[in-house]
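Here our numbering is used: the first residue of the sequence shown is 1343, the next is one more, and so on. Here a beta-carbon is modelled for each residue, glycine too, at the ideal position from N, C-alpha and C.
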Amino acid sequence: MRIGDLAAMSGLTTKTIRFYEESGLLPAPPRIPGGYRNYPDQSAARLAFIRDAQGAGLTLAEIRSVLDLRDSGQAPCGHVTALIDRRLEDIERRLEELAKTRDELRGVARRAAETDPATCTQDNICTILTTPAK
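In structure tokens:
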């Protein structure tokens, strides 16, 4: 199938398909005598997998590692499980960081609501963003 047909079937642009091909995520297809790429039917399933894996939060490098395992004939289940576990740990850590940032911003927002701009002096750059002395 030609790249335009694959793009229509997969919902991706031809540019994205070429990028995946250049990135090693999609094998380079054979070319027909006119020089056009002739993608095999399984290319659509591979592109759907790439999209699903990105939706699960995997990076293109991680997706490539899964595809490499599958292409070598190995089941990637254990590797995928480890990637997912690592991604979940990263998200949990980021959620904790975001909660701390949210709490800090709430305090800053309270200071902003209580600050009278008329009382600001040159001694302090911005009293809203300066942590008050304890």
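Exercise. If we call anything under 8 Å between Cβ atoms a contact, is Ser1365 one with Leu1409?
Worked result: In this structure, Ser1365 keeps its C-beta atom at 8 Å or more from the C-beta atom of Leu1409.
For this session: Check whether the Cβ atoms of Pro1369 and Asn1380 sit closer than 8 Å, and answer yes or no.
Result: Cβ atoms of Pro1369 and Asn1380: not closer than 8 Å.
Problem set entry | Range of the contiguous alpha helix (DSSP H) that encloses Tyr1381 | Note, Tyr1381: premise wrong, no alpha helix (DSSP H); not H, not E.
For this session: Assuming Ser1352 contacts Leu1389 (C-beta within less than 8 Å), just tell me the rounded distance between them.
Result: For a cut-off of 8 Å, the C-beta gap from Ser1352 to Leu1389 is around 4 Å, short enough to register as a contact.
Exercise. By how many angstroms is the C-alpha of Ile1426 removed from the C-alpha of Cys1462?
Worked result: As the crow flies, the alpha-carbon of Cys1462 is around 50 Å from that of Ile1426.
Problem set entry | DSSP state of Arg1373 mapped onto helix, strand, coil | Three-state DSSP puts Arg1373 in a strand.
Exercise. Between which two residues does the alpha helix (DSSP H) harbouring Ala1424 extend?
Worked result: From DSSP, the alpha helix (DSSP H) with Ala1424 extends over Cys1419 to Glu1456.
Exercise. DSSP three-state call for Ile1397: helix, strand or coil?
Worked result: The identity of residue 1397 in the sequence shown is Gly, whereas the question assumes Ile. In the structure shown, Gly1397 sits in a helix (DSSP, three-state: H, G or I).
Exercise. For Leu1411, which residues from the same chain have a beta carbon less than 7 Å from its beta carbon, with the 5 sequence-adjacent residues on both sides left out?
Worked result: Residues of the same chain with a CB within less than 7 Å of the CB of Leu1411, apart from the 5 flanking positions on each side, are Pro1418 and His1421 in chain order.
For this session: Could you spell out the range, first to last residue, of the alpha helix (DSSP H) harbouring Leu1409?
Result: Counting along the chain, Leu1409 sits inside the alpha helix (DSSP H) bounded by residues Leu1402 to Asp1413.
For this session: Report, in whole angstroms, the separation of the C-beta atoms of Ser1392 and Leu1367, which I expect to be a contact under 8 Å.
Result: Checking the sequence shown, residue 1392 turns out to be Ile, not Ser. Sure, about 6 Å apart at Cβ, within 8 Å.
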